[in-house]
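The sequence shown: position 602 = 964 (the working numbering), numbered continuously.
Glycine is no exception: its CB is placed at the ideal position from the N, C-alpha and C atoms.
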Amino acid sequence: MVKAVETSLRELLEGSKQYQVPLYQRTFSWKRANFDRLWDDVSQLVEDRQGNGAGTTHFMGSLVLAPTPSVGPAGVSRYLVVDGQQRLTTLTLLLAAIRDHRAETESAEHRDRLNEQYLINKWREGVDRPKVLPTQADRASYRACVEGGHDEGWADGVGEAYRYFRGRLADHDDPDDDHDIARMEEAVLSGLTLVSVTTSHDDNVHRIFESLNNTGLRLTQGDLLRNYLFMRLPTRGDVVYETQWMPLQERLTNEQLELLFWLDVVQTDETVNQRDTYQAQVARMDRLLTEEEIEAEVARFNRLSGLVERILNPAKEQDPQVRERLTRLSSWGTTTVYPLLLHLLDRRERGLASSEEIASAMLYAESYLVRRVLIGRATANLNRILLRAVPEIAGAGPADQALRTFLSTGRKFFATDDQVRAAVKSTAFYYSGRASQRKLLLTWIEQTFANNEPVDPEKCTIEHVMPQTITSAWRQMLRPDVAPDESLGEVYDSLVHTLGNLTLTGYNSALGNKPFSGKREAYRKSGFKMNQEIANQQVWSRPQILARADRLAERIVAYWPGPDPTAVQEPMTEAWGLMNRALAELPAGTWTSYSAVAQLIGSHQVPVGQRIANHPVPNGHRVLQAAGTTSPGFRWLDGDERTETQREALEAEGVSFDEAGRADPAQRVDADELAVLAGVELLGEELLSQPDDGTGRSESFLTQLAENHSESTVHGVIAVMDTWVGLGGRLQYGEFAETTCFLILDTPAGVTWPAAIYPKGKFEVVFQYLKDRPPFDELGNRRELAKRLNAVEGVELPEGKLAMRPGFTLDVLGTTNLRQRVIEALEWFVATQRETEQPEVNVPV
363 MVKAVETSLR ELLEGSKQYQ VPLYQRTFSW KRANFDRLWD DVSQLVEDRQ
413 GNGAGTTHFM GSLVLAPTPS VGPAGVSRYL VVDGQQRLTT LTLLLAAIRD
463 HRAETESAEH RDRLNEQYLI NKWREGVDRP KVLPTQADRA SYRACVEGGH
513 DEGWADGVGE AYRYFRGRLA DHDDPDDDHD IARMEEAVLS GLTLVSVTTS
563 HDDNVHRIFE SLNNTGLRLT QGDLLRNYLF MRLPTRGDVV YETQWMPLQE
613 RLTNEQLELL FWLDVVQTDE TVNQRDTYQA QVARMDRLLT EEEIEAEVAR
663 FNRLSGLVER ILNPAKEQDP QVRERLTRLS SWGTTTVYPL LLHLLDRRER
713 GLASSEEIAS AMLYAESYLV RRVLIGRATA NLNRILLRAV PEIAGAGPAD
763 QALRTFLSTG RKFFATDDQV RAAVKSTAFY YSGRASQRKL LLTWIEQTFA
813 NNEPVDPEKC TIEHVMPQTI TSAWRQMLRP DVAPDESLGE VYDSLVHTLG
863 NLTLTGYNSA LGNKPFSGKR EAYRKSGFKM NQEIANQQVW SRPQILARAD
913 RLAERIVAYW PGPDPTAVQE PMTEAWGLMN RALAELPAGT WTSYSAVAQL
963 IGSHQVPVGQ RIANHPVPNG HRVLQAAGTT SPGFRWLDGD ERTETQREAL
1013 EAEGVSFDEA GRADPAQRVD ADELAVLAGV ELLGEELLSQ PDDGTGRSES
1063 FLTQLAENHS ESTVHGVIAV MDTWVGLGGR LQYGEFAETT CFLILDTPAG
1113 VTWPAAIYPK GKFEVVFQYL KDRPPFDELG NRRELAKRLN AVEGVELPEG
1163 KLAMRPGFTL DVLGTTNLRQ RVIEALEWFV ATQRETEQPE VNVPV
């Protein structure tokens, strides 16, 4: 007998219970995209419960359980998790993250309370202790997260999930709101609902599992709504289908049809999640009583489909001003602006606004997005703010002024002109927003120069004028502008990723780390006006970078209008959320520096150090001075019961120190790696979007390789590349200033690559990408690859970086016997990859 009941996470976990994931289930496999989705759902639920009452819930799906026949400890009810282990494991990891965050920032009592109620069976030992017991491969990592400890599993998916939620909680925690994390805990425990399906002892659990995973064609929400609508049209169905539904269906794909229904329902209820569109639309249309009313709904959907078509394909728009604004907002790449666009187009369609008014409103929306990126607040509450805009401005007019007023009030981060001017000089623009948005914004800025030459974002890339890897020539240029109380490194870090130091170049740029004199000549010949302006400078140092930042800021505030100066905004606090998120995800066995954190968030290491010293900051003890030495003034915050020194704490986590007290540089996490941990989208993966098209990128790679290395190293690198091709792989080259060579292996599931070779000197092992690609999504395989490479003298890939992109110098490949060991590791990689691709052979019994 099967029993199904709706339940909450609190009801599932309270009491003496254990949910065991059977061995035939796959290991934990949720990725960052799954965590993002869950976090968005929980964040929205918290807000909905504040507005609509504590009874508001969000359905998470089903959980299929089977009472286990094994004998457990007295008083503990055991169940096998037949289906739903991924969400159950993730939810308990979220609870563990909430427990540790509240214990560290509020009171230590939260640790025991949440443990004893929801995470462990207090009086049990060993495998009987956790309330959720994952598969064998995940248990050590899961227990390290749930019961504490840093020696197991911190590079696998379980550890990644725990660290992800620690980072999000640190970012979400508002210092002015004492109850925000408590509300989140309550929403997770009481607001997330599941249907618990419990089988009987006689059911064949393995057969149930197989049947659950035999998937067929899924009915989309669009299919379900079509069926609902025409079920409500018993006499008019054929006519309505021909005249209204067919035109709609010809305009939009099934996926776009789902989008239309969601865009429509959030016009009046911004809390509806896209996955709940069907239920929300049916609840609304159940109130319609006659066929005429249903027919009118279908006709309305047909009319709106034409507007959605224009949002998705702006070329369909007739008015040139509106078309330009739609094109820009479409290229920005965020669907959360679509409900607002639909509202504006619908307002014009119904004769309530002119095209000029609507284009003006769209410009305010564009300006809002642009200014948020410039101040480093690209995503903070953006989805909720834009969804809320529609009901807030509906009925108000004119549309453009209503939208500007709404975006200008409260804490919505619509940066003023002065805030933009300050941010352009200090914010690390290179880490703000999506990579595609940063490049797009630079192309838009170039267009403000009235350049007659078209600027195609697809055919240019972001270039650091003062390069990311500073050379002796650039040090010499920068040194005269360093004050006595500053270090050259501090000044460099504060400038290199700011907008004043960034520009655009075309494909196959070979500028790289060249001295400014060499870059000037290329900029002078460039078709981009912003580059010609740079070429007019004799040197490129702090005064020139800051002066250019001022000029760009004035160009920006002149083109993109700011908030309503009469509106009351809440004060804009320091952007510590990005720092907290990155440090919360910093794995045990690694460390970072104050300068790297400052570079990430566009600050200076002094305020970073003060913040860490005086406020609860996740893993603040893992931040050291630039040389890897501990801070002389380090102390644990009041209320923290830890008594060991900073060095002792790090050594216990696996960080090595030399005799001079410097942490192992191989275990250091730099600013780029911190950005990746925090979920910042860096330029990189898009380098693989195009095959080598014969445009000379391979020659560019070899030229840069020869310019930077000895003959033996060059021959060694080429030997590794030739061997890779002999193993069945291929070479693909990047399109940026430093022409990277990727070692690509084609598989039935797509491409994979174990490494990227940077001609300036690094052989990078891309664990960050491998962790999402079978079979190297299994931590054991990544560990084995690291072990084989670490056997090579001069290679040190730390355990804490098995989800990052560590590497070693290309000089290693210049020595024959060391190169051979690297090649053997690559041979093992290919053999392991190919072994998983072999089809299963059914042997007759």
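Residues near residue i in its chain [Cβ-Cβ closer than 7 Å; skip 5 each side]
i     : result
L650  : I656 and E659
M593  : none
V930  : T771
D403  : H420 and N635
W1190 : R1150
D1173 : T1075
A1165 : A517, E522, F1129, Q1130 and K1133
A761  : L706, R709, A715, E719, I720, A723 and I755
Residue range of the alpha helix (DSSP H) that includes residue i
i     : result
R411  : R394 to N414
D500  : Q498 to E509
E1035 : A1033 to L1039
A1148 : L1141 to N1152
F776  : That residue, F776, is in no alpha helix (DSSP H); it is neither H nor E in DSSP.
Per-residue burial, residue i [other beta carbons within 10 Å of its own, 16 or more giving buried]
i     : result
V1127 : buried
R943  : buried
A1025 : buried
P1116 : buried
N616  : exposed
L375  : buried
R710  : buried
G971  : buried
G578  : With a pLDDT of 43 at G578, under the threshold of 50, the modelled position of this residue cannot be trusted; read the value that follows with caution. The residue in question, G578, is exposed, as its Cβ has fewer than 16 Cβ neighbours within 10 Å.
R712  : exposed
R327  : The chain is shown from 363 up to 1207; residue 327 falls before or after that span and cannot be answered.
D1034 : buried
H977  : exposed
Residues of its chain near residue i, where Cβ-Cβ distance is below 6 Å and the 5 sequence neighbours each way are ignored
i    : result
Y792 : H859
D631 : none
D542 : D536
L586 : Y640
D926 : R766, T767 and S770
R734 : A740 and F775
Sequence-distant residues of its chain with Cβ nearer than 8 Å to residue i (five each side left out)
i    : result
E514 : Only weak support is given to the placement of E514: the predicted model assigns it a pLDDT of 45, under 50, and the value that follows is read from those uncertain coordinates. Excluding positions up to five away in sequence, the list reads A502, S503, R505 and A506.
A532 : H463, G939, N942, R943, L945, A946, V979 and P980
Q987 : S955, Y956 and S993
G951 : H512, W516, E1015, G1016, V1017, Q1029, P1160, E1161 and G1162
Boundaries of the beta strand (DSSP E) in which residue i is found, first to last residue
i     : result
R1092 : R1092 to Y1095
Q382  : K379 to Q382
S439  : S439 to D445
F1170 : G1169 to T1171
V426  : H420 to P429
H826  : C822 to H826
I1080 : Careful: I1080 lies outside any beta strand (DSSP E), inside the alpha helix (DSSP H) at E1073 to G1088.
I1119 : A1117 to Y1120
V1127 : K1124 to V1127
G1233 : There is no way to answer for residue 1233, as the model of the chain reaches only from 363 to 1207.
D1108 : C1103 to T1109
V1017 : Note, V1017: premise wrong, no beta strand (DSSP E); not H, not E.
L864  : L864 to G868
CB contact below 7 Å: residue i versus chain C
i    : result
T810 : No chain C is part of this structure, which consists of one protein chain only.
Query raised in the report: Does the count of Cβ pairs from the segment 386-404 and the segment 446-457 closer than 8 Å reach three?
Result: yes
Query raised in the report: In the segment 514-558, which residue ranges form an unbroken alpha helix (DSSP H) of at least 4 residues, counting only runs that do not cross its ends?
Result: 519-534 and 542-548
Query raised in the report: Which parts of the segment 940-999 are runs of the alpha helix (DSSP H), unbroken and 4 residues or longer, counting only runs that do not cross its ends?
Result: 956-963 and 967-976
Query raised in the report: Would you say the segment 793-804 touches the segment 727-742, given that touching needs at least three Cβ pairs under 8 Å?
Result: yes
Query raised in the report: What are the start and end residues of each continuous beta strand (DSSP E) run of 3 or more residues lying completely inside the segment 663-725, in chain order?
Result: none
Query raised in the report: Are there three or more Cβ pairs, one per stretch, closer than 8 Å when the segment 603-620 is compared with the segment 684-692?
Result: no
Requested in this report: Determine, using beta-carbon pairs with one atom in the segment 837-852 and one in the segment 909-924, whether at least three such pairs fall under 8 Å.
Outcome: no
Query raised in the report: Counting pairs of beta carbons, one from the segment 588-607 and one from the segment 717-728, are three or more of them closer than 8 Å?
Result: no
Query raised in the report: Does the segment 1073-1090 come close enough to the segment 1131-1143 to have 3 or more Cβ pairs within less than 8 Å?
Result: no
Query - Ordered list of alpha helix (DSSP H) runs contained in the segment 599-642, each at least 4 residues - result: 599-602, 608-613 and 616-627
Requested in this report: With a floor of 4 residues, list each alpha helix (DSSP H) that falls wholly inside the segment 847-918, ordered by position along the chain.
Outcome: 850-857, 878-887 and 891-897
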